[in-house]
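*Asks:* My questions all concern the structure below.
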Amino acid sequence: MVTRGGRAWRRWVTVLCVAALTVLPAGPTAQANGTSGAARQPADPPKPRTIEPVAGGPEAGYSGDGHPAADARIGTTGDVAVGKGGTVYLTDREAGRVRAVGGDGRIDTVPGTRTDESRAGAPRAVAAAGGALFVAGDEAVIRRAAGGAVSVLADVTGQGHENPGEDPAGDSADSADSAEDAAADADERAANAEDEAGRTASDLRPGDALPVVPRADDIAVDGAGAVYVSGSGTVVRIPKGNAGESTVVAGGGTVAAQEADGRPATDARLAGELRIAAGDDGALYLRAGADGDELYRVDPDGTMRTLVTPRDEPGFAGDGGPVGRATFGGELGGPAVGPRGEVVVFDVGNRVVRVIDRDGVVTSLTPPLAESEDGDAPVALAVGDDGAVYVRQGHRIHRLASQNPADPSHAVGAVRDRPYYPSDYSADEPGTVYPVAGADPSAAATASGADEPVPVAAPTPSVPDERRLRLATGSGGVLYYADTDGHRVLKVGRDGGVTVAAGTGEAGFAGDGGRAAAARLDAPQGIDVGPDGSLYIADTGNDRVRKVDARGVITTAAGDGTRVGTEDRDRLLAADGEPATDTPVSPTDVAVGDDGVLYVAEGAHRRLSRVDQDGTISTWAGLGSRRGSDGDGYVATAAALGRPHAITVSPEGRVFFLDRRGDVARPVVRMVDPAGVLFTIAGDADAARSGSGFSGDGGRAVEAELNNPHDLAVRGDGTLYLADSHNARVRAVDPAGRIRTVAGTGERVDGDDGQRARTAPLDEPRTLDVASDGSLRLITASGAAVRSVADGVLGTVASLEEAEPRRPAGPTAVQRPATQVTFGEQGIDALAVDHDGALLLADGTNPLLAVDRHGMLDTASAVDSAVGSPAVDSPAASRVSAVTVAPDGTRYVAAGDVVYRMDRGSDGTGADGADGADAAGGADAGDGAVAVPVAGGGPRPDGPSGDHLDPAGRATLSSFGRVVDLAAAENAVYVATEENVYRVDADGTVRRWLRDAGASGPAVGGIALGEAGEVFAAIPDGGQVWRIDPEGRSDEFAGVGSDGDSYWEGVDGLNASEVALDRPRDVAVDGDIVYIGTGRGVVRVDAGGTVLTVAGPEHTGAVGALALDRHGDLYFADLDAAQVSVVVQPALIEDPFHWEHIGGIVAVGVIVLFGVVRFGPQLWRRVTGRQDASARHEAELSVAGTATLGSDVDSGDEAARGWFDGPARPDQPGEH
């Protein structure tokens, strides 16, 4: 028995225990963030954000100043920061400068920040605060005011530099400020208001020694204006304006960082690259560790707190709870501090931005970003005043911005425009079948020439810039161009017709002495036409120069098919004077002089060679030791060259060439005169990549800046033209040595015919030549056409897209008749009808394809990597495996393991049948379309394959295996994978929809939505179609659960539940009718469950995807023939009369007729009670006879009683 005192004692013990648990700290993480150990409700997950491209196009490099930043090239390594005016700053280490993206989205170099002119030296890290820009370079740390005034804050080299004082004019002589200056002026005035005591940017007087800081890993500025510089395992704090001693605030100690929690941060030994961020409260955040997977906080009092430490097994967990219990994927990008004091990092392993709030609770921002194509390039972060997060992954910067909750377009299934388009088959009989896409296999075997089916191949991988199309002009207006990837050289006649000049299209070496069109080439690059009309080809892959004479016969002009290493220069020099065909040659371009002498640019051999008319070879330039401008004025063979990649020769024998270092052309044009002496003609022979740019027009060419020039051509009057590719211009150097622009504005698009060339944009001219009339011919990066510049006007000479039917599909492909295209062996995975009636096709290996209502296949409508979005950095992003169109006309596509919604842009064109679709969150997908991830792409804590749902149900933090089909309703999207069916709701949550099938259901082939909200799912291996009701419960709709040879025997007219379906792969629903695509055709199941074949073996083989248009026409993919066909109005096909049942019907009819004739009168009399006495007497006799005779009764008497008389009972009263 418990006494009253005992109960009181227990009550006090309980109270004390609860109090103790309440006041006990939750560990260093909770203390560091001001949390207690008390239980707290997890915060609601943050709303999904849009992912918007900020800077960086599809390629790394340097280009685009003065133009949209999303199309510009930036380097793969550098920092990012955001100013108060929203200006984005980035260090471009490869280009050696700081660049800024203004509010108008245009990018420019910040004046005075280039390596060769900045006091900071080569920029390494950048920060923005109080309207000023802070740059940490490899020589100094500087502060640049919005107006351009620069002050030096610290010395990085440690050589005791003196403070030079403030330069009111800045470092640059540029008269124009960078793009961000106007927006930042107001911020600068606000910052100056803080200095009421008259403090300048630096309180050091001229001549004072500068503080010394380590070579910077990162730089940060806190709310008080103090500057922090991290590097070499320490963090140094420079007080605002250098008012006081600079001090080490973290690192430099001997205690391992993971064991320094609660100790002074200066006791810690910090490893790895130190990335830092400073809060307005004076707290400092450090990302450290050899693998970059540790995160610490240094309190204003200098105490170090642990936030994230590495775990034995990386993963993804802990959202909504304390950061100390969360699991991360390993390396962290960042950190950055948000406007509310939250700490933001990028979880590289999971590709997710994660936020640690002031209470120490971790959440994740959705959607995730795609893997960077730059591999292990570090990730930098910045946060704007509006809370937008900027993520720099390699050569791209994206912004995760909050969605506008008032904008209904962000909701899944938000109503836009209802589809409308007329029927293409209104005059046809129901059941008529037409081919829509894919060449007839039987015709393909005999087709040839222009009618030969066009293969649809995966987009050609990007190739180095030196292996682009090359152009040469012949006599009479004839053009030649080398298709490197196609292993051919083609000839464009004056009428625009195209013929093959050389090459079969198959890589290899063969054919010398025969017809050039039957020969094999391997990645031909440069070409030129000799004075006798012979065509010379740099057959790069074969290490030979090939010659096609006027008869069309091909031979080898130089090279023995081998190349040597650069260390074997003596072997090359020793071959001088030998036959060119017996010597190693590695050609990238060729040029032929008026005297017939052949000049070869040999990139791999780092030289120019010359083949005289007698066929002997000699070194013409290179293989020496004089580098850069040191070689000018000396014999060209004394110079050390990079990799020559473009060459041309003037009528006087001057040889002009370009060379490259690595993957970028040096910004210089060199020339070897007829005497063999080397000179610089344009640009700077000593410039590094940081010397690239655009300047100098109207001045001396040798003082101008070039940017990755690709090709050269010279006119008869001595004018040199150069394709200044990354400046998106064609420039000319006159015989007096002055440079000017003759075409292009710097914008990376192609201008229209008839525009003045100097005011028309050009999409990065890649190759050019001068025609016999002195006009220019050129091809831009799009490769779409040969353009001309004649009398200063832009024109088109020939369309390469129309002329080249064999060109692989890809970003430069054009529309072609869909029935002339051959698809791969896999065929079509998915079909959908767009809002305008276009048919969308996905085959799992190509971008999205579209067949318009005129029957043309548009291979440029794809989800591709042309716009610079986060998801298309992954190769899987251009392989669309599923597509659907919602009732409102919105497209959804699956690329890789991510499902995207293709929103229409402000111009309303985003769901257009000819639009592009850039598979990325919030990225411009072409023609105004914006692609937003709605599901998938999240972390994979359970491994690289299979489906994984986020514990909180967030669709974009979930991951899928292979997505096989999609279906869209007004307020939800259904996703079918190889494991299950999922529903993604408008609020961004995901649920397993095939609920009663367990975590991993049957392999689903395709899905469709019914009118009542049910989902129909085809189960190929099970031979069934299931129906999933709105509650997620499934039942069998069609199929007996196995396939069999009896499938087509008597199927029509049977109930769907009795039919053996042969591998049903997809379904489509039209009202109360369900269509099923099977291994032997397409069947219809009507409202009563009756089955009818609408496309049988006479029309198709195994059927895969199905799609219905708004008129009830059904499209289906024939997997055996790799074709798509349409069956017209299958709902109106009448049930045929089934002759196999006629025998049974006749038999039943005969029996009924006999009964009526034989027994009808007796039945009538019985019913009416009108039996005569004779009949009754006969019945009595019959009863008596039956009792007496038993089994001997005559069968005729039995029959005489009739069916309804029955035997008379013995006790039945009767009349005798």
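Read in order, the letters of the sequence shown correspond to residues -32 to -1, 1 to 1184 in mature numbering (1 follows the signal peptide of the UniProt record, and there is no 0).
C-beta atoms are modelled at their ideal positions from N, C-alpha and C, and glycine is treated no differently.
Just so it is clear, the structure is predicted and the values come from calculations on it, not from any experiment.
1) To the nearest angstrom, report how far apart Ser332 and Tyr264 are at their CA atoms.
2) Assign Leu1100 to one of two classes, buried (16 or more other C-beta atoms within 10 Å of its C-beta) or exposed (fewer than that).
3) Can you tell me whether Lys459 is helix, strand or coil according to DSSP?
4) Looking only at its chain, what residues have a beta carbon closer than 6 angstroms to the beta carbon of Val351, apart from the 5 residues adjacent to it on each side?
5) Determine the contact status of Val1008 and Ile987, defining contact as a CB-CB distance below 9 angstroms.
6) Cα separation between Glu770 and Tyr868?
7) If we count the other Cβ atoms within 10 Å of its Cβ and call it buried at 16 or more, is Arg1052 buried or exposed?
8) How would you call Ile1119, buried or exposed, if buried means at least 16 neighbouring beta carbons within 10 angstroms?
9) For the alpha helix (DSSP H) containing Arg539, list its first residue and its last residue.
10) Beta-carbon separation of residue 1189 and Val558 under 9 angstroms?
11) Is DSSP giving Leu1121 helix, strand or coil here?
12) Is DSSP giving Lys208 helix, strand or coil here?
13) Applying the criterion that 16 or more other CB atoms from any shown protein chain within 10 Å of the CB defines a buried residue, is Gly911 buried or exposed?
14) In angstroms with no decimal places, state the Cα-to-Cα distance between Arg1033 and Thr524.
15) Have a look at the DSSP bridge pairing and note the partners of Ala108.
16) Rounded to a whole number of angstroms, what is the C-alpha to C-alpha distance between His366 and Asp820?
17) Compare the C-alpha of Pro398 against each of Pro703, Val1092, Ala38, His1079 and name the closest.
18) Helix, strand or coil for Ser370, going by three-state DSSP, please let me know.
19) Are the stretch 207 to 216 and the stretch 242 to 250 touching, with three or more C-beta to C-beta distances below 8 angstroms?
20) Just checking, does the stretch 694 to 707 make contact with the stretch 21 to 28 on the three C-beta pairs under 8 angstroms criterion?
21) According to DSSP, simplified to helix, strand and coil, what is Thr83?
22) Around the C-beta of Leu1082, are 16 or more other C-beta atoms found within 10 angstroms, so that it is buried, or is it exposed?
23) Tell me which residues share the same chain as Arg65 and place their Cβ nearer than 6 angstroms to its Cβ, disregarding the 5 neighbours each side in the sequence.
24) Can you check DSSP and say which residues form a bridge with Gly1049?
25) Am I right that Leu1074 and Ala1036 are in contact with their C-beta atoms under 8 angstroms? What's the rounded C-beta distance?
26) Is Val640 near the ligand MG, in the sense that its beta carbon is under 8 angstroms from a heavy atom of that ligand?
27) Exposed or buried, His35, counting other C-beta atoms within 10 Å across all chains shown (16 or more means buried)?
28) Hey, Asp865 and Gly905 are a contact pair by Cβ (cut 8 angstroms); roughly how many whole angstroms apart?
29) Give me, in chain order, the residues of the same chain whose beta-carbon lies closer than 6 angstroms to that of Val1094; leave out the 5 immediate sequence neighbours on both sides.
30) For a minimum of 3 consecutive residues, which ranges assigned as the beta strand (DSSP E) are wholly contained in the stretch 208 to 256?
31) For Ala854, list the residues DSSP reports as bridge partners.
32) Please state whether the Cβ-Cβ distance between Leu242 and Asp315 is less than 9 angstroms.
33) Assign Ala192 to buried or exposed, taking buried as 16 or more other Cβ atoms, counted over all protein chains shown, within 10 Å of its Cβ.
34) Look up Asn1023 in the DSSP assignment and give the residues it is bridged to.
35) Is the stretch 275 to 284 touching the stretch 334 to 352, taking contact as three or more C-beta pairs under 8 angstroms?
36) Spatial neighbours of Gly978 within its chain, please: C-beta separation below 7 angstroms, excluding the five flanking residues on both sides.
*Replies:* According to the data block:
1) In the sequence shown, residue 332 corresponds to position 364, counting from 1. In the sequence shown, residue 264 corresponds to position 296, counting from 1. Between Ser332 and Tyr264, the C-alpha separation is close to 19 angstroms.
2) Indexing the sequence shown from 1 puts residue 1100 at position 1132. Burial call: exposed.
3) The residue you call residue 459 lines up with position 491 of the sequence shown. DSSP, reduced to helix, strand and coil, places Lys459 within a strand of the structure shown.
4) Against the sequence shown, residue 351 aligns to sequence position 383. Within the same chain, Val351 has close Cβ partners Ala304, Gly306, Val312, Val357.
5) Position 1040 of the sequence shown, counted from the first residue, corresponds to residue 1008. Position 1019 of the sequence shown, counted from the first residue, corresponds to residue 987. Not a contact, by the Cβ cut-off of 9 angstroms.
6) The residue labelled residue 770 in the question sits at position 802 within the sequence shown. The residue labelled residue 868 in the question sits at position 900 within the sequence shown. Residue placement at Glu770 is poorly supported in this model, since its pLDDT is 43, which falls under 50; the coordinates are not used for a value here.
7) As a first step, residue 1052 is located in the sequence shown; it is residue number 1084 there, counting from the start. Result: buried.
8) In the sequence shown, counting from the first residue as 1, residue 1119 sits at position 1151. It counts as exposed.
9) As a working mapping, residue 539 is identified with position 571 in the sequence shown. Note, Arg539: alpha helix (DSSP H), 537 to 542.
10) Since the first residue of the chain shown is -32 and the last is 1184, residue 1189 is not available in this structure.
11) Against the sequence shown, residue 1121 aligns to sequence position 1153. Three-state result, Leu1121: helix.
12) For this step, residue 208 is matched to residue 240 along the sequence shown. Here Lys208 sits in helix by DSSP.
13) What you label residue 911 is simply residue 943 of the sequence shown in a count that begins at 1. The residue is exposed, with fewer than 16 neighbouring Cβ atoms inside 10 Å.
14) Residue mapping note: residue 1033 aligns to position 1065 of the sequence shown, counting from 1. Residue mapping note: residue 524 aligns to position 556 of the sequence shown, counting from 1. Cα-Cα distance, rounded: 55 angstroms.
15) Taking the first residue of the sequence shown as position 1, residue 108 is located at position 140. Asp123.
16) Walking along the sequence shown from the start, residue 366 turns up at place 398. Walking along the sequence shown from the start, residue 820 turns up at place 852. Those two C-alpha atoms are separated by around 33 angstroms.
17) As a position in the sequence shown, residue 398 is number 430, starting the count at 1. Nearest C-alpha to Pro398: His1079.
18) The residue labelled residue 370 in the question sits at position 402 within the sequence shown. Note: Ser370 maps to strand in three-state DSSP.
19) No contact exists between the stretch 207 to 216 and the stretch 242 to 250.
20) Taking a contact to require three or more Cβ pairs closer than 8 angstroms, the stretch 694 to 707 and the stretch 21 to 28 do not qualify as touching.
21) To locate residue 83, count along the sequence shown from 1; it is residue 115. Thr83: coil per DSSP, three-state reduction.
22) To locate residue 1082, count along the sequence shown from 1; it is residue 1114. Buried, because 16 or more other Cβ atoms sit within 10 Å of the Cβ of Leu1082.
23) Residue 65 sits at position 97 when you count from the first residue of the sequence shown. Closer than 6 angstroms at Cβ, skipping near neighbours: Thr77, Thr81, Arg82.
24) One-based indexing of the sequence shown puts residue 1049 at position 1081. In the DSSP output, where bridge partners are listed per residue, Gly1049 has Thr1046.
25) Sequence index remark: in the sequence shown, residue 1074 carries index 1106 (1-based). Sequence index remark: in the sequence shown, residue 1036 carries index 1068 (1-based). Rounded, the Cβ-Cβ distance is 4 angstroms, consistent with contact.
26) Of the ligands one can find in the structure shown there are none, so the ligand MG has no counterpart to examine.
27) Numbered from its first residue, the sequence shown carries residue 35 at position 67. His35 should be labelled buried.
28) Here residue 865 refers to the residue found at position 897 when the sequence shown is read from its first residue. Here residue 905 refers to the residue found at position 937 when the sequence shown is read from its first residue. So it is a contact: roughly 6 angstroms between Cβ atoms.
29) Taking the first residue of the sequence shown as 1, we reach residue 1094 at position 1126. Same-chain partners within the cutoff: Tyr402, Val404, Asp1081, Tyr1083.
30) 215 to 219, 243 to 246, 252 to 256
31) Here the question's residue 854 lines up with position 886 in the sequence shown. According to DSSP, Ala854 bridges with nothing at all.
32) On the sequence shown, residue 242 is found 274 positions in, with the first residue counted as 1. On the sequence shown, residue 315 is found 347 positions in, with the first residue counted as 1. No, they are not a contact pair.
33) Position 224 of the sequence shown holds residue 192. Flag for Ala192 reads exposed.
34) Stepping through the sequence shown from its first residue, residue 1023 is reached at position 1055. Its beta-bridge partners are Thr1058.
35) no
36) Looking up residue 978 in the sequence shown gives position 1010. Sequence-distant Cβ neighbours of Gly978 in its own chain, meaning closer than 7 angstroms and more than five residues away, are Phe984, Val1037.
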